[in-house]
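Below is one structure; the comments refer to it alone.
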Amino acid sequence: MGILDRCLPAAMLLKDDGSKIYSRTFLWIYDFNVLWLNNNYAWRCSTDKVLFPLYRSAMGANHLEIGVGTGYYPTEALKLGTPCRRITLVDLNAATLDAASRRISGLARDSKNTSNNTSSAGSGSGSGSSGSGSGNIADVELRTVLANAMEPLPLPAGETFDSISLFHLLHCVPLTPEQKTRVFDLVRERLRASGTLVGSTILGDEVPRNRFAEFNMRVYNKSGVFHNWADTRAVFERGLRRNFEDVETDVVGSVMTWRARKPRPG
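Okay, structure coming up:
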């Protein structure tokens with residue numbers, strides 16, 4: 001698996017508290033804290049039952065991931081089987097890009113070693129596959145891009161993707177809800193006509209919250225990790241429909257999810 005690193009000058013990146021929290025130390029506990037504890041018990045939107053199935057169902061051969069966390073979603077999808085052959089990871093934080101790329105690369109190395117051991121044992125097939133439709137995980141190309149998702153991405157002109165994901169990103173962006181929808185304008189240009197955009201975000205005051213979620217919202221917004229008190233489903237859905245002909249949205253607990261297809265002409 002090849003890793004191609006492309007970085008913007010630091011002055012061009014709008015780094016804020018919402019991205020700076022993702023230090024190497026925090027990333028060690030990210031999967032437990034964010035994907036299990038908070039998603040299940042604060043936001044009441046299960047990673048295993050809601051978010052990951054949505055992610056995996058859309059992942060295409062050439063995938064763009066914006067807001068990468070620890071790389072949990074692509075790694076687990078590759079384990080179970082996916083047509084993905086190329087992944088581009090985009091994030092504002094170098095620590096998350098490093099963590100995600102190392103996690104995916106580690107899976108690729110394990111897959112390659114398993115394939116080599118199987119071949120050495122004389123199995124005859126030596127396919128190196130893992131999961132239905134996965135092909136050889138070791139052959140998946142990986143690229144990392146340090147960039148601000150609210151600005152045009154520094155990718156080759158005209159490059160498009162079969163799938164794009166925006167999971168748990170917008171609630172961290174320090175902009176108004178209307179300004180945040182600019183990301184949909186930008187990703188529309190990068191999605192192929194047959195492609196799919198999926199994503200999720202934690203909504204603000206319009207959704208009911210339990211005490212755990214209320215505590216998290218107050219702490220995260222006060223500290224600048226979240227900027228989502230005013231975020232609503234209606235604003236984000238308008239942004240999606242402005243850019244895509246086929247849009248499905250849902251709210252599970254405190255989380256809005258979406259699937260968008262058929263990008264409108266620019």
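Numbers 1 to 266, taken from UniProt numbering, label the letters of the sequence shown in order.
Even for Gly, the Cβ is constructed at its ideal location relative to N, Cα and C.
Among the options, the one whose alpha carbon lies nearest that of residue i
i, options, result
"Y72", "I104, N33, D231, R190", "I104"
"Y41", "R259, D139, V252, R261", "V252"
"R242", "V145, E189, L166, L89", "E189"
"G81", "T232, D31, Y55", "Y55"
"A147", "S194, A193, A95, S163", "A95"
"L191", "T25, K262, L89, V68", "K262"
"residue 275", "A193, G224, N210", "Residue 275 is absent from the model: the chain starts at 1 and stops at 266."
"T201", "T88, K222, R102, L166", "L166"
"V68", "N93, D139, K222", "N93"
"W229", "R102, A193, L203", "L203"
"F236", "A260, T144, Y220", "A260"
Buried or exposed by the 16-neighbour rule on C-beta atoms within 10 Å, applied to residue i
i, result
"E214", "exposed"
"I29", "exposed"
"A234", "exposed"
"P265", "exposed"
"T196", "buried"
"D246", "exposed"
"N53", "Per the sequence shown, residue 53 should be read as Pro rather than Asn. The residue is exposed, with fewer than 16 neighbouring Cβ atoms inside 10 Å."
"F32", "exposed"
"S101", "buried"
Inter-residue spacing [alpha-carbon to alpha-carbon] between residue i and residue j
i, j, result
"G128", "D205", "Confidence at G128 is low in this model, with a pLDDT of 42, below 50, so the placement of that residue should be treated as unreliable; the coordinate-derived value is given next. Going from the Cα of G128 to the Cα of D205 covers about 48 Å."
"T176", "P208", "21 Å"
"W36", "H168", "14 Å"
"V34", "G239", "26 Å"
"S163", "A58", "6 Å"
"E248", "D91", "25 Å"
"N210", "G199", "23 Å"
"T88", "T144", "6 Å"
Nonlocal neighbours in the same chain, by C-beta distance under 7 Å from residue i, ignoring five residues either side
i, result
"A99", "L27, T70, G71"
Contacting residues, own chain, Cβ-Cβ under 8 Å from residue i (five flanking each side not counted)
i, result
"L107", "T75, L78, K79, I137"
"L186", "A149, M150, E151, P152, L153"
"D250", "M256, T257, W258"
Residues near residue i by beta carbon distance below 6 Å, same chain, minus five either side
i, result
"R86", "N62, E141"
"C45", "N39, V252, G253, V255"
"F212", "Y41, A42"
Report task. Assess, as a yes-or-no matter, whether the stretch 211 to 226 is touched by the stretch 179 to 191 under the definition of 3 or more beta carbon pairs within less than 8 Å. Result -> no
Report task. Please determine if the stretch 51 to 64 and the stretch 154 to 166 are in contact, where contact requires at least 3 C-beta pairs separated by less than 8 Å. Result -> yes
Requested in this report: Report yes or no: do the stretch 42 to 54 and the stretch 145 to 157 share at least 3 C-beta pairs separated by less than 8 Å?
Outcome: In this structure the stretch 42 to 54 does not lie against the stretch 145 to 157, because fewer than three pairs of beta carbons, one per stretch, are closer than 8 Å.
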